[in-house]
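J.: Chains as they are written, first to last, in this note's numbering: chain A, 400 to 610; chain B, 400 to 610. We put the beta carbon where it would ideally sit given N, CA and C, even for glycine.
Protein chains: 2
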Amino acid sequence: MARSRGHQSPDEEVAAPEAPSTRERILAVSLALFNTRGLGRVTTAEIAAAAGIREGNLQYHFPRKSSLVEAMFAGFEAEAAAVAGRMPADPGALLAYQRAWFDLIWRYRCVYRDGIAMVEIAPAVRPRVHTLRARTQELARAVFDAAVAAGRLRIEPEALGRLIDNAWIVSSHWMSHRLQGGTELTEADLDWGFAQVRDLFVPYLVALQPE
Amino acid sequence: MARSRGHQSPDEEVAAPEAPSTRERILAVSLALFNTRGLGRVTTAEIAAAAGIREGNLQYHFPRKSSLVEAMFAGFEAEAAAVAGRMPADPGALLAYQRAWFDLIWRYRCVYRDGIAMVEIAPAVRPRVHTLRARTQELARAVFDAAVAAGRLRIEPEALGRLIDNAWIVSSHWMSHRLQGGTELTEADLDWGFAQVRDLFVPYLVALQPE
DNA sequence: GTCTATATATAGATAGAC
DNA sequence: GTCTATCTATATATAGAC
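1) Could you tell me the distance, in whole angstroms, from the CA atom of Ile515/B to the CA atom of Pro522/B?
2) Tell me the residue span of the alpha helix (DSSP H) that contains Leu503/B.
3) Assuming Val482/A contacts Ala470/A under a Cβ cut-off of 8 Å, what Cβ separation, rounded to an integer in Å, is found between them?
4) Grab me the residues of Val569/B's own chain with a C-beta within less than 6 Å of its C-beta, minus the 5 sequence neighbours each way, in chain order.
5) Relative to the C-alpha of His576/A, which candidate in Pro490/B, Asn456/B, Trp567/B has its C-alpha closest?
6) Report yes or no: is there a C-beta of chain B within less than 9 Å of the C-beta of Ser429/A?
7) Opposite Leu432/B in the DSSP bridges: which residues?
8) Nearest to Phe475/B by alpha carbon, out of Asp489/B, Ala444/B, Asn434/B?
9) Leu562/B and Val605/B - do their beta-carbons sit closer together than 9 Å?
10) Reducing DSSP to helix, strand and coil, say where Leu604/A ends up.
11) Count the other CB atoms, across all protein chains shown, that sit within 10 Å of the CB of Arg485/B; report buried if there are 16 or more and exposed otherwise.
12) If Asp359/B and Asn565/A are in contact, beta carbons under 8 Å, what's the gap, nearest whole angstrom?
13) Sorted by chain position, which residues of the same chain lie with C-beta nearer than 8 Å to Ile446/B's C-beta, five sequence neighbours on each side aside?
14) Which stretch, first to last residue, makes up the alpha helix (DSSP H) that contains Thr443/A?
15) What's the call for Asp611/B, buried or exposed, on a 16-neighbour Cβ count within 10 Å?
16) Could you give the residue range of the alpha helix (DSSP H) that holds Met471/A?
17) Could you check which residue in Arg436/A, Gly439/A, Ile452/A, Gly437/A has the C-alpha nearest to that of Thr421/A?
18) With a cut-off of 9 Å, does the C-beta of Thr594/A fall near any C-beta of chain B?
19) Could you tell me the alpha carbon to alpha carbon distance between Ala448/B and Thr442/B, rounded to whole angstroms?
20) Using 9 Å as the threshold, is the C-beta distance between Asp513/A and Leu589/A below it?
21) How would you write the range of the alpha helix (DSSP H) that Phe461/B sits in, first residue to last?
22) Does DSSP classify Leu552/B as helix, strand or coil?
23) Excluding sequence positions up to five away, which residues of its chain have a Cβ less than 7 Å from the Cβ of Glu454/B?
24) Going by Cα to Cα distance, which pick from Ala558/A, His529/A, Pro526/A is closest to Arg359/A?
25) For a test of the three-state rule: what should DSSP assign to Glu423/B, helix, strand or coil?
26) Using beta carbons (cut-off 9 Å, strictly below), is Glu583/B in contact with chain A?
27) When you check each C-beta in the region 452-484 of chain A against every C-beta of chain B, which residues fall closer than 7 Å?
28) May I ask which residues mark the beginning and end of the alpha helix (DSSP H) holding Ala488/B?
29) From Val497/A to Leu438/A, what does the alpha carbon distance come to, in whole angstroms?
30) Just curious, the alpha helix (DSSP H) that Val518/A is in, first and last residue?
31) Ordered along the chain, which non-local residues of its own chain (more than five positions away) have a Cβ less than 8 Å from that of Val518/A?
32) What's the call for Arg508/A, buried or exposed, on a 16-neighbour Cβ count within 10 Å?
33) What do you get for His601/A, buried or exposed, if any count of 16 or more other CB atoms within 10 angstroms of its CB means buried?
34) Between Ile554/A and Tyr511/A, which are expected to be in contact by the criterion C-beta below 8 Å, what is the C-beta distance as a whole number of angstroms?
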């Protein structure tokens with residue numbers, strides 16, 4: 400496999416499932432380290448070691464740490480757009496939609512857990528964070544407005560705005576809340592967090608379990 | 400800066416309100432810097448400069464950064480104990496009580512905003528964080544149970560547990576949520592955050608405005 | 001593409017003069 | 001108590017060999 404290009408074409412005819420490129424491996428281990436230890440507390444040396452390469456090689460793929468953070472955030476943007484595109488027309492599918500967002504936030508929790516450090520390391524992402532959040536909140540607003548119109552949610556417009564903000568905060572930061580005990584987070588914690596978010600909506604749900 | 404403060408004696412008989420000791424000044428500017436920039440992104444050099452002293456002097460008062468963080472957290476513990484002691488017997492004073500906690504969290508927001516970095520810098524505070532949180536949550540539980548008993552709050556016991564968790568998360572992290580836009584937080588934001596927390600309880604309040 | 005080797009900057013901590 | 005001067009460790013980035 401003589402790949403001489405920096406960007407390898409992902410459209411291969413046969414499904415050669417393994418052999419992830421070094422670049423992809425770097426991004427994967429970076430995200431994992433950023434998520435568990437925080438963006439500002441992970442060194443390039445650690446990333447290189449976790450990826451099984453030397454620091455010089457890491458510098459070849461990502462000249463500086465900010466490049467790495469920007470690439471990571473670009474992945475988040477792309478996945479967020481994908482989730483946004485799966486917005487359900489039926490308000491009954493609200494739960495699955497919420498869960499999709501929740502899982503995404505979980506996989507990129509470093510963005511929320513350490514958002515300030517992120518924009519300090521990579522200032523270029525700051526406007527992108529703002530844009531992404533504004534668009535996402537707009538989208539959420541539309542989804543829940545539809546749920547109100549469909550009679551599944553009973554809430555005043557202003558209260559809905561505050562509810563969405565609270566849902567956003569809990570979705571983004573329940574991990575930090577659980578982490579401070581010192582233990583690692585597991586998938587079981589993920590369900591706990593989702594239940595917490597769901598609970599915010601319970602008082603306003605017209606039919607929680609439509610059977 | 401022709402200020403010749405060779406040595407000031409802090410033990411004056413009259414209540415000379417000013418002339419804070421160097422140690423107190425260090426703690427004050429540290430807290431301010433930790434709050435605005437994050438525990439892990441503030442250097443000892445910055446702290447010394449902000450306190451108007453040299454780094455060597457800072458080392459005299461706090462031999463290592465962890466000493467400083469531990470002292471800051473001890474201040475938080477002391478103030479938390481003070482707030483806890485003002486727990487109201489009357490459930491009608493719930494709002495003022497919540498506000499006192501909210502203000503405390505605001506003044507020590509670095510503890511929540513950067514809790515992971517805190518325990519990495521100063522591992523000795525980890526069990527103390529855990530203890531403090533457990534005690535505080537217990538206290539909150541007692542207060543709200545009393546409110547339920549007094550008929551001011553209508554909610555099931557399990558739901559109350561989740562509600563308290565959500566109130567804790569929003570109280571602790573609404574700042575991070577607002578900060579990611581890039582601007583500094585102001586006191587006006589504080590009211591926004593408090594309104595968000597209050598909104599969590601609204602669906603369960605029996606009498607929101609008792610006239 | 002990956003490596004070795006090195007450079008630069010900064011953070012944190014130390015020793016000792018005053 | 002406060003300072004100057006220095007030391008060590010580490011993080012990030014560069015240059016060039018293979």
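T.: Taking the coordinates as given:
1) Between the alpha carbons of Ile515/B and Pro522/B lies a gap of roughly 10 Å.
2) 493-506 is the extent of the alpha helix (DSSP H) around Leu503/B.
3) Rounded, the Cβ-Cβ distance is 19 Å, inconsistent with contact.
4) The residues Gln595, Val596, in chain order, have a CB closer than 6 Å to that of Val569/B in the same chain once the five nearest residues on each side in sequence are set aside.
5) Nearest C-alpha to His576/A: Trp567/B.
6) Answer no: the Cβ-Cβ gap between Ser429/A and chain B never drops below 9 Å.
7) When beta bridges are read from the DSSP output, Leu432/B appears opposite no residue.
8) The candidate whose alpha carbon is nearest that of Phe475/B is Asn434/B.
9) Contact check for Val605/B against Leu562/B fails: the beta carbons are separated by 9 Å or more.
10) Of the three classes helix, strand and coil, the one that applies to Leu604/A here is strand, per DSSP.
11) It is exposed - the Cβ of Arg485/B has fewer than 16 other Cβ atoms within 10 Å.
12) This structure cannot speak to residue 359/B, because chain B is shown only from 400 to 610.
13) Excluding the 5 residues flanking it on each side, Ile446/B has same chain C-beta neighbours closer than 8 Å at Ile425, Val428, Ser429, Leu432, Leu457, Leu467, in chain order.
14) Unbroken alpha helix (DSSP H) run through Thr443/A: 443-450.
15) Outside the modelled stretch of chain B, which goes from 400 to 610, sits residue 611/B, for which no answer is possible.
16) Taken as a continuous stretch (DSSP letters only), the alpha helix (DSSP H) holding Met471/A covers 464-484.
17) Ranking Arg436/A, Gly439/A, Ile452/A, Gly437/A by Cα distance to Thr421/A puts Ile452/A first.
18) Looking at the sequence provided, one finds Ala at residue 594/A rather than Thr. Yes, its Cβ sits closer than 9 Å to a Cβ of chain B.
19) Rounded to whole angstroms, Ala448/B to Thr442/B spans 10 Å at the Cα level.
20) In terms of Cβ geometry, Asp513/A and Leu589/A do not form a close pair [threshold 9 Å].
21) From DSSP, Phe461/B is part of no alpha helix (DSSP H); its letter is neither H nor E.
22) Of the three classes helix, strand and coil, the one that applies to Leu552/B here is strand, per DSSP.
23) Only residues of its own chain outside the window of five on either side were considered, and among them Thr443, Ala444, Ala447 have a CB closer than 7 Å to the CB of Glu454/B, listed in chain order.
24) For residue 359/A there is no data in the structure shown, the boundaries of chain A being 400 and 610.
25) Here Glu423/B sits in helix by DSSP.
26) Taking 9 Å as the CB threshold, Glu583/B stays off the interface with chain A.
27) Residues: none.
28) Element bounds for Ala488/B: n/a, residue is neither H nor E.
29) Note on residue identity: the sequence assigns Gln, not Val, to residue 497/A. Annotation: Gln497/A to Leu438/A spans about 26 Å, alpha carbon to alpha carbon.
30) Bounds of the alpha helix (DSSP H) holding Val518/A are 514-520.
31) Result list for Val518/A: Val524, Arg525, Val528, in chain order.
32) Its Cβ being crowded by 16 or more others within 10 Å, Arg508/A is buried.
33) The sequence given here places Val at residue 601/A; His does not occur at that position. By the Cβ-count criterion, Val601/A is exposed, with fewer than 16 other Cβ atoms from all chains shown falling within 10 Å of its own Cβ.
34) So it is not a contact: roughly 25 Å between Cβ atoms.
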